[in-house]
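Protein chains in written order, with the UniProt record's numbering: chain A, 1 to 165; chain B, 1 to 165. Positions of the beta carbon are idealized from the N, C-alpha and C atoms, including for glycine. All values derive from a computational prediction rather than experimental measurement. Structure first, commentary second.
2 protein chains.
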Amino acid sequence: MNSEINRSEETGTPDDLRLEKFLPYRLSVLSNRVSNAIAQAYGQRFELTIPAWRVMAILGRFPDLSAAELVEQTAMDKVAISRAVSVLFKNDYITRSEDPADRRRQVLNLSPLGREVYERIVPLAQQYENDLMASLSSDERQQLDSIIEKLMDRAQAWAERGLID
Amino acid sequence: MNSEINRSEETGTPDDLRLEKFLPYRLSVLSNRVSNAIAQAYGQRFELTIPAWRVMAILGRFPDLSAAELVEQTAMDKVAISRAVSVLFKNDYITRSEDPADRRRQVLNLSPLGREVYERIVPLAQQYENDLMASLSSDERQQLDSIIEKLMDRAQAWAERGLID
DNA sequence: CTATAGTGGTTACAATTGAAACCAATGTTA
DNA sequence: TAACATTGGTTTCAATTGTAACCACTATAG
C-alpha cells in the first residue's frame, strides 16, 4: 500500500504537467468516483441505471414530457433517452401515451409504481448530495455553484467555437 | 432553440429533486464537456486518446515506471493502462524494456518521438486549463483546489465504507 | 395534391469500457 | 524443492455508449 515512487526521479523540467493538479483530470476522477458510488446505490436498491434515474428525476417534476423534451432537460442525447425510456417502460416505471395531435410523439409519465420508486430515491439522492456538501466549509459551498456555472459556460463555448488560440 | 417547457407544469412538491442543481449530475455534465473538448483537440492533432495522453503525461515527468506504477499515479485501472501502453508502443511513442530483476515487469519510457509530442502537448493542455481558470474570479480560483480535494476525499470514503446512513 | 424538407423516435453497428479469467514469473511455506 | 499464494500484465467476453442510418409522420412549397 505504499504509494511512493522510488525507482524514478521527477525530472523537474519547469513546465512539466502535473497531472494530479490538472483540472480536467481532477474533474474526471471526481465525477467518476461520485457517479460510481451513487450508481451502485441506485443499482443495488432499485435496478436503475444513471440515465434511467435521470429520466425519472425529470418526469417526477415535469409530467407529460416527450423524449425530445427530456433531451433538452437532461443534456443526454436522443439515443440514451430512447434506451432509458424503453427499459423504464418495460419495468412499468413509466407510461407512454401517443399524442393524438402528433402521432410520432409519445407523452411520458411516471406510473404509480414509478412514482413510488421516485419518492424513495429522491431522499437517498439528497442524502448523498448533503454528505458531499457537508465536507465543504460554508464559504466553499457558496462559491461552488458559481464556479461550476462558469466552468460549464467556458467548456460549452469550446464545443461551439473551439479554443481560441 | 427555445428551451421552455410549455406542455407541463412543475409539480412543486417541496422535496422534488432539481436535477439541474444536483451536484453529482452537474459534475458529470461538466466533466464530460471538458473531457470531450480536450479529447478532440488531442485526437485531431496527435491521434491520442485521453488514457494514452495520461500515460504520456506521467511518463514525461517520471521516467522508468512500470504499468503497475502508472496505475498508482493515474487512478486508471490495470486494463486501461495496458491498452494505452500497447497503442503508445505501436506508435513508437514509448519504449518498453524488460526489467532483468523481475522478468514480468516492463520498464516504460517516452521515446524521442514521444517526448517531442509530449513537449508539444503540455502547452496545449495548459492553455486549456488556463482558459478554464480565466473564467473564474481569483477568489474562486483560490478555493477550487480545496473544494475538489474535499469532495474527492468524501467520495473516496463512500467507495471504501459506503454512505453511512 | 405531390414533392421535399424537417422532426420524433428507434435500430444497427462499431468503438470503448469493465470484470473476470488467465498466463507467466516471483515469493513464501514447509 | 514441491506446493501454494501473489504480483505484473494481457486477453476475453459482455455490457455501455456514440454515430449514423433509418422509418414514420408532419410541415412547407410549389
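query                                                                                                            : result
Boundaries of the alpha helix (DSSP H) in which A:E98 is found, first to last residue                            : Unbroken run through A:E98 is the beta strand (DSSP E), 94-98; no alpha helix (DSSP H).
Which of helix, strand or coil DSSP assigns to B:N109                                                            : strand
Classification of A:I121 by the beta-carbon crowding that lies within 10 angstroms, buried from 16 upward        : buried
Beta bridge counterpart(s) of B:L65 as assigned by DSSP                                                          : B:L108
Spatial distance of B:R103 from A:F22 (CA atoms)                                                                 : 34 Å
A:S111 at chain B interface by Cβ criterion, 8 Å                                                                 : no
Local conformation of B:M133 per DSSP, three classes                                                             : helix
Proximity below 8 Å, CB of A:S111 to CB of A:T95                                                                 : yes
Cutoff 8 Å: B:A155 Cβ touching any chain A Cβ                                                                    : yes
CB contact check: A:R161 to chain B, cutoff 8 Å                                                                  : no
Close-in-space but distant-in-sequence residues of the same chain around A:I5 (CB under 8 Å, 5 per side omitted) : For A:I5, the predicted structure reports a pLDDT of 41, less than 50, and the residue's modelled location is therefore unreliable. The matter cannot be settled from this model.
Residue-chain proximity (A:L132, chain B), Cβ-Cβ < 8 Å                                                           : yes
B:K78 at chain A interface by Cβ criterion, 8 Å                                                                  : no
Cβ shell of A:M56 (< 6 Å), same chain only, five flanking positions each side left out                           : Y118
Backbone secondary structure at B:E119 - three-state DSSP                                                        : helix
Test: B:D15 CB closer than 8 Å to a CB of chain A                                                                : yes
Proximal chain B residues relative to A:N138, where beta-carbon distance stays under 7 Å                         : Note on residue identity: the sequence assigns Ser, not Asn, to residue 138 of chain A. Those within 7 Å of A:S138 in chain B number zero; the least Cβ separation is about 12 Å.
Under 8 Å between C-beta atoms of B:S97 and B:V85                                                                : no
Nearest candidate by alpha-carbon position, reference A:A101, set A:Q126, A:V71, A:S66                           : A:S66
Contact with chain B by A:Y42, beta-carbon distance below 8 Å                                                    : no
Exposure of A:E20, with buried meaning 16 or more beta-carbon neighbours within 10 Å                             : exposed
C-beta neighbour in chain A for B:S97, strict 8 Å                                                                : no
Chain B contact residues for A:V29, given Cβ-Cβ distances below 8 Å                                              : A75, M152
Close Cβ partners of A:L48 (< 6 Å) along its chain, the five nearest in sequence each way excluded               : Y42
Span separating the alpha-carbon of A:I148 from that of B:D99                                                    : 45 Å
Buried or exposed by the 16-neighbour rule on C-beta atoms within 10 Å, applied to B:P123                        : exposed
Reduced DSSP category for B:L30 - H, G, I as helix; E, B as strand; rest coil                                    : helix
Contact check, B:A134 vs A:V29, beta carbons under 8 Å                                                           : no
Per-residue contacts from B:E129 into chain A (C-beta, under 8 Å)                                                : F22, L23, P24
Terminal residues of the alpha helix (DSSP H) in which B:I147 lies                                               : 138-161
Length of the line joining the Cα atoms of A:Q143 and B:K90                                                      : 45 Å
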